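Q:
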Amino acid sequence: MAEARLVSPLPEQDDFLIERWQWLQAMAQKLEGGKFEGPPEVDETTKERLREIGITLWRSPRHAQTVMAHAYAALFSVPEFVAEAHRRQPGRFSSPILQQAIQNTASNLWQAFWLDFDESGNPVPRNFVPLTGVLHVLHGERPIPTAPPKPRISDLAMAFFAFHIIRAAEFGAQKRGVDDARLFDEHFRYLANLIRRSGYHFSDDRSRMETLCQQVDALLVREHPEGHACWRNLLTVSAQMGLTVSPESISNFLQGSLPHAATFFARFAQKVR
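To convert, take the position in the sequence shown, counting from 1, and add 4; that gives my numbering.
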């Protein structure tokens with residue numbers, strides 16, 4: 005599949021769309037958090053339990069990258085979130101940069117569970133968790149101290165994307181026959197805490213996160229050339245990386261919580277077959 009050209013850095017907007025975004029952003033900012041605190045203190049017993057969770061849900065580099073690809077598919081359904089990324093880094097979701105983004109975000113997530121993978125793909129313990137610093141620095145206003153500041157990623161975009169990373173990890177586990185509510189809750193609460201400690205807003209109450217994302221799906225998700233270009237590049241990059249990603253798997257994932265996104269992606273998938 006050929007590289008899809010990202011057609012414009014910003015989606016067209018009207019006052020009604022801007023009001024919707026502002027209302028949802030205010031909703032996100034009412035969630036807990038918003039202050040950078042850095043990584044929490046974790047004892048050795050908790051680290052071992054977190055490694056167990058990480059090995060179960062993040063499993064291997066390729067599986068972790070497959071999880072991230074599905075999360076990016078959800079992000080690409082919202083033109084405003086794509087535009088945010090382009091304002092920070094033009095061409096952010098072109099194929100070469102998207103591949104790096106999938107690889108980097110996947111490694112940041114499995115490392116958050118105090119583990120790494122050796123060259124053979126075997127899990128090994130890790131003694132440092134970089135995720136809070138990465139989100140605070142790389143996604144903040146000045147990722148490079150000597151460079152001009154960039155627009156900070158909005159709390160709304162971060163909350164939506166992070167929740168769908170969590171959902172994608174659960175989706176990947178369920179496809180392998182793992183459907184453990186206690187495990188999923190531990191995973192959710194641990195990542196929710198790390199996101200808050202990174203300086204972003206995110207609730208411990210899963211139902212609040214589900215409601216926020218449902219509102220985004222209802223009010224901001226729509227068909228747009230930017231989303232189509234990003235989805236096309238995502239399928240191309242996933243195939244090049246050997247990931248278990250297909251139009252069918254993305255459709256099934258989106259149907260779980262984003263009915264409008266699932267509908268629009270299904271229309272897109274029909275055109276690229």
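Glycine included, every Cβ here is placed at the ideal spot set by N, Cα and C. Just so it is clear, the structure is predicted and the values come from calculations on it, not from any experiment.
Report the residue from F268, D159 and V128 whose alpha carbon sits nearest the alpha carbon of M213.
A: Measuring from the Cα of M213, the nearest candidate turns out to be D159.
Q: Evaluate contact between the region 220-229 and the region 184-202, counting only Cβ atoms and requiring at least three cross-stretch pairs below 8 Å.
A: With the cut-off at 8 Å, the region 220-229 and the region 184-202 do not touch.
Q: Find out if the Cβ-Cβ distance for the pair R92, P155 is shorter than 8 Å.
A: Yes. Within cutoff.
Q: Looking only at C-alpha atoms, which of Q244, R271, H264 and D189 sits nearest to P251?
A: Considering only alpha carbons, the answer is R271.
Q: Of the residues G203, I22 and S207, which one's Cα is nearest the Cα of I170?
A: It is S207 whose Cα lies nearest to the Cα of I170.
Q: With 16 other CB atoms within 10 Å as the buried threshold, where does S81 fall?
A: Flag for S81 reads buried.
Q: For L135, which of W118, P129 and G125 has the nearest alpha-carbon?
A: For the residues W118, P129 and G125, the minimum Cα distance to L135 belongs to W118.
Q: Taking only the alpha-carbon atoms, compute the straight-line gap between A73 and L239 and give it to the nearest angstrom.
A: Cα-Cα distance, rounded: 9 Å.
Q: First and last residue of the beta strand (DSSP E) that includes L119?
A: Here the beta strand (DSSP E) through L119 covers L119 to F121.
Q: Would you report the Cα separation of F330 and S255, rounded to the nearest angstrom?
A: The chain is shown only over 5 to 277; residue 330 falls outside these bounds and no answer can be derived.
Q: Could you tell me which residues DSSP pairs with V128 in its beta bridges?
A: For V128, which the question treats as bridged, DSSP gives the partners D120.
Q: Give the secondary structure of G37 by DSSP, where H, G and I count as helix, E and B as strand, and everything else as coil.
A: The answer is strand: DSSP assigns G37 an E or B state.
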